[in-house]
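Protein chains: 2
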Amino acid sequence: MCGIVGVIGKKDTTEILLKGLEKLEYRGYDSAGIYVNDQAGHDYLVKEKGKISQLESAVGPEVQGMMGIGHTRWATHGAPSDVNAHPHVSQSGRFYLVHNGVINNYQEIKEQYLKGVNLVSSTDTEVAVQLIGVLVEDGGLDTESAFRKALSIIDGSYAFLLVDREEPDKLFVAKNKSPLLVGVGDGFNVVCSDALAMVAQTKDFVELHDGEMVIVTKDKIQLMDEQGNEVTRKPYHVNLDPSDISKGTYPYYMLKEIDEQPAVLRRLVQEYINEDGTFNFDPKLIDALKEADRLYIVAAGTSYHAGLVGKPIIEQIAQIPVEVELASEFGYHMPLLSKKPFFIYLSQSGETADSRQVLVETNKRGFPSLTLTNVEASTLSREADFTLLLKAGPEIAVASTKAYTAQITVETILAQALAVAKGLPSANDLDVKHQLGLAANGIQTIVDSKDDIEQLAHEFFANTRNAFYIGRGIDYWASLEAALKLKEVSYIQAEGFAAGELKHGTISLIEEGTPVAAIITDKETASHTRGNVQEVQARGAKTLKIVSEDLAQAGDQIIIPTLETVLSPLVSIVPTQLLAYYATLQRGYNVDQPRNLAKSVTVE
Amino acid sequence: MCGIVGVIGKKDTTEILLKGLEKLEYRGYDSAGIYVNDQAGHDYLVKEKGKISQLESAVGPEVQGMMGIGHTRWATHGAPSDVNAHPHVSQSGRFYLVHNGVINNYQEIKEQYLKGVNLVSSTDTEVAVQLIGVLVEDGGLDTESAFRKALSIIDGSYAFLLVDREEPDKLFVAKNKSPLLVGVGDGFNVVCSDALAMVAQTKDFVELHDGEMVIVTKDKIQLMDEQGNEVTRKPYHVNLDPSDISKGTYPYYMLKEIDEQPAVLRRLVQEYINEDGTFNFDPKLIDALKEADRLYIVAAGTSYHAGLVGKPIIEQIAQIPVEVELASEFGYHMPLLSKKPFFIYLSQSGETADSRQVLVETNKRGFPSLTLTNVEASTLSREADFTLLLKAGPEIAVASTKAYTAQITVETILAQALAVAKGLPSANDLDVKHQLGLAANGIQTIVDSKDDIEQLAHEFFANTRNAFYIGRGIDYWASLEAALKLKEVSYIQAEGFAAGELKHGTISLIEEGTPVAAIITDKETASHTRGNVQEVQARGAKTLKIVSEDLAQAGDQIIIPTLETVLSPLVSIVPTQLLAYYATLQRGYNVDQPRNLAKSVTVE
């Protein structure tokens, strides 16, 4: 979501902040801003609506200092604008604050504490910095106490970075639910919402826990719990290669990441399947899964769709019932659970706030859990009992591609390992390693035929305002993800639909020329889906068929390699990723940074 | 879906056919046609694209006869047009056929049997009548044998009504999966796909079973099984008051049916709750539910949405886990079931082919089942172990309204009866009768404030091309139905979304002026949904809030009465029904007969 950076004790503060914000830009980019203080009486606040490059142009050569904070924003409260950009300032001009998260009770705070204050923005964040100002200037508290008091008043999620102009040798830091790390340097320290932003400065980070507050100076990190008691915690070392974050010769990250999928699949096979065919999973994880009577997969967005595909894979291979739940729903409306539930969290970033909120709850109830994530030492990884890494390399494009196929791959291998551990007679029905090899080769074939798909994107999606993907069974789950991909980046109002359900209402939207793409990889229902294709054709729809080789007929436009049906989304999704990519370019949009969207969603 | 009528032995054949088709018109109306034979060497075929009124204008005074068949069509294969309209004719002009359903192997039949035939339409039906022609004229079979042979070749669903010009004293009838009834008259007989069409002629009907064939003459009904063995079956008596089918003073059925909801709720309370607070359900049904370890609700369209609301109601009140499944998906991809499943089928018409296909399968496996339907003696009702009627009166408008609230009402009372029977300590936490009384009164208040809602429909939906409904928990399930209603009749591309999930992708579709309606009835998540409303407002959305009284704030546009949270869709859905209704009229469409849609969907 939003990104936060801070640094203290470095001469090139401004440059470090701007470079850090650039790395975080893909997380959210309605607006950005920095505050820099030279610890000698001069300070600078620069904020701009739009991209980091616009902020960079607005920063003059005079903006230099020994400490500073910065922020890139994804609007939650108040429209994107200069005035709503962070850092926010208290009325007297003494306090500067950047914030990730959402303050739930900002209305109440305004009414109870800020009657005399003139709020200039429409953000919840300004309420926080004004509250601190009032507590210090009217309430007579020192800054540390006022900060702690403000935290006790605020109800919500936050990562805060606060500067007091009168104490410019300190950064005041606090965290609840939103991710925040303190990076340890030699004679300097940094703060950031993602290690990515500061990995050029240091690779050693201290994680903060919810409710903690920190005072950071250039050579000290003073960590405190909610009551103000000092806490000690060792830093951990991050393995991140800055070159992973480069686009190379690709025009866009999204295309690079689509192309990386065969390599990711092969890497996962090497990682989790040993030469002798046994599996490289923590035996305790397999034991815990064996004991469960039902698995609950919790996720959001594309990860949720990977979970939906995981359900039939795991049910078919490992013979255990699976429920797949939207994180934002499950947190507040947990259904009746089974006696021995096991929770699986899917999150590319490992920071999804909606999922984390469920994990906190299931941890409280003592349920075992596993996180499948692409980011080592991410919050969901640290807080779950087990972690499996997706090994996909950093996914920078906002629209997730390789993380989706990686999640399905890990679900598949894990299901097979579980089947073997349970001694199921069916355990060897499916040669998972062979199938995943076929999938990797299959994806390669599809990405090699990019030109044809670019042509089809032009024909079907370049000028439409809406579109449908339909399918049955496993093809339905793939259709949901295909539609989301198209939606996210091309702004076409696409919907994924169960092919048989369309006629129960939504078919009224089909008119002359409406594009309807059908995914057909399931022998059992192929003729029924083709029947539904006929239905929409009869109403004028332009139909595009994505069909596996063994079921192909004359006139089908995209033929994909045949896999075991339940694994087909590994290949069927790839043409739809490319269709979304090309349609977006044809429509003239930036495919890596769709409007309104942020990479890792760290608010609820 | 499509409607079929036939009559033999009456002088006013043409009028009976046309009146019958009018009654069926709401089932599908791309095109219509009749064939009439005077049994004295003259016959007439009239087909027209469009509504029945267009067919009526095309029928001249000379079109009179003693037997005939008619059809109103909802296109599945081939666009709506005169040539694709039924009845279809064999090449020599001897055989006439009307058909409901879908022939899966029509391509194969064409290639194998019809090489020498010039097909004039692009329908699957024509293949059937040409096949019969070939079997008689080239194969030397008599008509009855040829019909039986054709049925054995055809793979798919069908209700067939066949005429042989050379035997005009007979109607040849057959059925598989698509509904078909034979009505018994005095000196005449009729055939129809829905009793509604012929209730003015007779109230006594013989139901046909899958695979059966019938030869109907004016005074005999010869029923045969697949092997040609004669079968006897008594007719049943239908209770249908023709005046229920009138619009009265209402401009449209949809508005009439929205307004009837308080009366339906009260009727259901009287029907299923006795004066002394006990429940009027078959004790065997309650016993069967008590024995189940998990309930599976199977449905499609609006009924599916009523099932989604039923899940938390039943789980909360009766403490039994519930899964809700799309009928078209469940039939082919049944997940791992619990040890003692109990199936509940929701279908307004009781004829939904997708649901019926699942019921056939669960019957085969011996699982107990209940159908909640509005239509007595409908297929799903006859074939399930138990039936509960919705008592909503005929629902004529294609977009379902009162059946939705009726389904939720019956689910609620049934859940409470089950809780009492199980002796749950929580059984009396919720005064269901009182809550349903509140709901009936609450709906009355809402429908009484139609003018305000008409105004809001104009402001938000009269000119938009897309829209969103959002909510959390129970409000999410209501949002899905609210969006479907808007979609079905107004052709606005509306989507229902979990409020917290929107930001995981779909929020990229929000632009300046996009209407987003939020339903807020749940205290626990109200502030979070309001946060999501802020998020979309920050991106330019025009927001409409539908909020229960106890959670209302200044600026909320539609305030609805407060119910127990889990029951809130009974009232929260009503303003959304009215918004859809008015927006459709403002956009200039026929709200009762949306394009492409049919009332009861009798194909898969």
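From first to last, the protein sequence lines are chains A and B. Residue numbers for the first sequence follow the working numbering, so the first one is 66 and each next one is one higher. Residue numbers for the second sequence follow the working numbering, so the first one is 66 and each next one is one higher. The beta-carbon is built from N, C-alpha and C at its ideal position, and this holds for glycine as well.
Worksheet item: Interface residues of chain A around B/Val167 at Cβ under 7 Å?
Response: Numbered from 1 along the second sequence, position 102 holds the residue referred to as residue 167 of chain B. Chain A residues near B/Val167: Gly596.
Worksheet item: In chain order, what residues of the same chain have a beta carbon less than 7 Å from the beta carbon of B/Thr427, not counting five sequence neighbours either side?
Response: Position 362 of the second sequence, counted from the start, is the residue given in the question as residue 427 of chain B. Only Phe408 and Ser434 meet the Cβ criterion.
Worksheet item: When you compare only the Cα positions, how much space is there between B/Leu662 and B/Ala464?
Response: The residue labelled residue 662 of chain B in the question sits at position 597 within the second sequence. The residue labelled residue 464 of chain B in the question sits at position 399 within the second sequence. Taking the straight line from one Cα to the other gives about 9 Å.
Fill in: Residues of the region 557-570 of chain B whose Cβ lies closer than 8 Å to any Cβ of chain A, in chain order
Gln558, Glu560, Ala563, Ala564, Gly565, Glu566, Lys568, His569 and Gly570
Worksheet item: Looking at the structure shown, is B/Pro300 part of a helix, part of a strand, or coil, going by DSSP?
Response: As a first step, residue 300 of chain B is located in the second sequence; it is residue number 235 there, counting from the start. Three-state result, B/Pro300: coil.
Practice prompt. State buried or exposed for A/Asn241, treating a residue as buried only when at least 16 other CB atoms are found within 10 Å of its CB.
Written response: Residue numbering aside, residue 241 of chain A sits at position 176 when the first sequence is read from its first letter. Counting Cβ neighbours within 10 Å, A/Asn241 comes out buried, since at least 16 surround it.
Worksheet item: Ends of the alpha helix (DSSP H) at A/Thr641?
Response: Here residue 641 of chain A refers to the residue found at position 576 of the first sequence. Looking at the DSSP string, the run of the alpha helix (DSSP H) that includes A/Thr641 is Pro634 to Gln651.
Worksheet item: Shorter than 8 Å from the beta carbon of B/Ala365 to some beta carbon of chain A?
Response: As a position in the second sequence, residue 365 of chain B is number 300, starting the count at 1. By this cut-off, B/Ala365 is an interface position.
Item to complete: Could you run through the region 387-421 of chain B and flag, in chain order, every residue whose CB is less than 7 Å away from some CB of chain A?
Response: Leu391, Ser393, Glu394, Tyr397, His398, Pro400, Leu401 and Asp419
Fill in: A/His675 in three-state terms, based on DSSP
There is simply no residue 675 of chain A to check, as chain A begins at 66 and stops at 669 in what is shown.
Practice prompt. Compare the C-beta of B/Tyr541 against all C-beta atoms of chain A and say whether one is closer than 8 Å.
Written response: Numbered from its first residue, the second sequence carries residue 541 of chain B at position 476. Yes, B/Tyr541 lies at the interface with chain A (some Cβ there is under 8 Å from its Cβ).
Worksheet item: Buried or exposed: where does B/Val264 fall if 16 or more other Cβ atoms within 10 Å of its Cβ makes it buried?
Response: Taking the second sequence and counting its residues from 1, the one referred to as residue 264 of chain B is at position 199. Buried.
Practice prompt. For B/Thr137, return the contacting residues in chain A, with the cut-off set at a CB-CB distance below 9 Å.
Written response: In the second sequence, counting from the first residue as 1, residue 137 of chain B sits at position 72. The premise fails here: B/Thr137 is roughly 15 Å from chain A at the closest Cβ pair, so nothing lies under 9 Å.
Worksheet item: Does any residue of chain B bring its CB to less than 8 Å from the CB of A/Tyr530?
Response: Reading the first sequence from its first residue, position 465 is the one you call residue 530 of chain A. Note that residue 530 of chain A corresponds to Arg in the displayed sequence, not to Tyr. With 8 Å as the cut-off, A/Arg530 counts as an interface residue toward chain B.
Worksheet item: For B/Cys257, which beta-bridge partners are listed by DSSP?
Response: Against the second sequence, residue 257 of chain B aligns to sequence position 192. In DSSP, B/Cys257 forms a bridge with B/Val70 and B/Leu246.
Worksheet item: For A/Pro377, which residues in chain B fall below 9 Å Cβ to Cβ?
Response: Your numbering for residue 377 of chain A matches position 312 in the first sequence. What A/Pro377 touches in chain B: His398 and Pro400.
Worksheet item: DSSP three-state call for A/Asp341: helix, strand or coil?
Response: Residue mapping note: residue 341 of chain A aligns to position 276 of the first sequence, counting from 1. If DSSP states are grouped into helix, strand and coil, A/Asp341 belongs with coil.
Worksheet item: What residue does the beta strand (DSSP E) around B/Val148 start on, and which one ends it?
Response: Looking up residue 148 of chain B in the second sequence gives position 83. Note, B/Val148: premise wrong, no beta strand (DSSP E); not H, not E.
Discussion item. Any heavy atom of the ligand SAM closer than 7 Å to the beta-carbon of B/Ala504?
Written reply: Ligands in the displayed structure: none, and consequently the ligand SAM is not present.
Fill in: Residue interval of the alpha helix (DSSP H) (run including B/Lys456)
Walking along the second sequence from the start, residue 456 of chain B turns up at place 391. Counting along the chain, B/Lys456 falls outside any alpha helix (DSSP H), and DSSP gives it neither H nor E.
Discussion item. On the DSSP letters alone, give me the boundaries of the beta strand (DSSP E) that B/Ser217 sits inside.
Written reply: Taking the first residue of the second sequence as position 1, residue 217 of chain B is located at position 152. Element bounds for B/Ser217: not the beta strand (DSSP E) but the alpha helix (DSSP H), Thr208 to Ile218.
Fill in: chain A contact for B/Ile219 (CB, 8 Å cutoff)
Indexing the second sequence from 1 puts residue 219 of chain B at position 154. Not one chain A Cβ lies under 8 Å of B/Ile219.
Discussion item. Using a Cβ-Cβ distance cut-off of 8 Å, determine whether A/Pro490 contacts chain B.
Written reply: By one-based count along the first sequence, residue 490 of chain A stands at place 425. False, the Cβ-Cβ gap to chain B never drops below 8 Å.
Practice prompt. Over the uninterrupted alpha helix (DSSP H) stretch that includes B/Asn428, give me the two end residues.
Written response: Counted from its first residue, the second sequence places residue 428 of chain B at position 363. Following the DSSP letters along the chain, one finds B/Asn428 inside the alpha helix (DSSP H) bounded by residues Ala418 to Lys429.
Item to complete: Select from the region 571-590 of chain B all residues with a C-beta closer than 9 Å to any C-beta belonging to chain A, and list them in chain order.
Response: Thr571, Ile572, Ser573, Leu574, Ile575, Glu576, Asp587, Glu589 and Thr590
Worksheet item: Is the Cβ of A/Gly372 closer than 8 Å to any Cβ of chain B?
Response: For the purposes of this step, residue 372 of chain A is identified with residue 307 of the first sequence, where counting begins at 1. False, the Cβ-Cβ gap to chain B never drops below 8 Å.
Discussion item. Here's a check: name, in chain order, each residue in its chain whose Cβ is nearer than 6 Å to the Cβ of A/Ser412, leaving out the five neighbours to either side.
Written reply: Taking the first residue of the first sequence as 1, we reach residue 412 of chain A at position 347. If we look at A/Ser412 and ignore the five residues flanking it on each side, its Cβ neighbours are Ser368, Ser420, Thr438 and Leu445.
Item to complete: Within 10 angstroms of the Cβ of A/Pro348, are there 16 or more other Cβ atoms? Answer buried if so, exposed if not.
Response: What you label residue 348 of chain A is simply residue 283 of the first sequence in a count that begins at 1. By the neighbour-count rule (16 or more Cβ atoms within 10 Å), A/Pro348 is not buried but exposed.
Discussion item. Considering only DSSP beta bridges, list what A/Pro406 is partnered with.
Written reply: Position 341 of the first sequence, counting from 1, holds the residue named residue 406 of chain A. A/Pro406 pairs with A/Arg359.
Worksheet item: Quick one: what does DSSP say B/Glu577 is sitting in, helix, strand or coil?
Response: Taking the first residue of the second sequence as 1, we reach residue 577 of chain B at position 512. Looking at B/Glu577 - three-state DSSP - the assignment turns out to be coil, as it is neither helix nor strand.
Item to complete: Reducing DSSP to helix, strand and coil, say where B/Ile584 ends up.
Response: For this step, residue 584 of chain B is matched to residue 519 along the second sequence. The answer is strand: DSSP assigns B/Ile584 an E or B state.
Discussion item. Under 8 Å, with one C-beta from each stretch per pair, do the region 497-505 of chain A and the region 540-556 of chain A reach the 3-pair mark?
Written reply: no
Worksheet entry | Closer than 8 Å to chain B by CB, A/Gln384 | Position 319 of the first sequence, counted from the start, is the residue given in the question as residue 384 of chain A. Yes, because at least one Cβ of chain B sits closer than 8 Å to the Cβ of A/Gln384.
Item to complete: Starting from A/Lys552, find everything on chain B with Cβ-Cβ shorter than 8 Å and list it in chain order.
Response: In the first sequence, counting from the first residue as 1, residue 552 of chain A sits at position 487. Neighbours of A/Lys552 on chain B, chain order: Gly570, Thr571, Ser573 and Leu574.
Practice prompt. State the Cα-Cα distance for the pair A/Ala260 and A/Asn339, rounded to the nearest angstrom.
Written response: Here residue 260 of chain A is taken as the residue at index 195 of the first sequence, counted from 1. Here residue 339 of chain A is taken as the residue at index 274 of the first sequence, counted from 1. Cα atoms of A/Ala260 and A/Asn339: separation of roughly 31 Å, rounded to the nearest angstrom.
Worksheet item: With 8 Å set as the bound, which would you pick, yes or no: does the beta-carbon of A/Glu380 sit closer than that to a beta-carbon of chain B?
Response: Stepping through the first sequence from its first residue, residue 380 of chain A is reached at position 315. Answer yes: the Cβ-Cβ gap between A/Glu380 and chain B drops below 8 Å somewhere.
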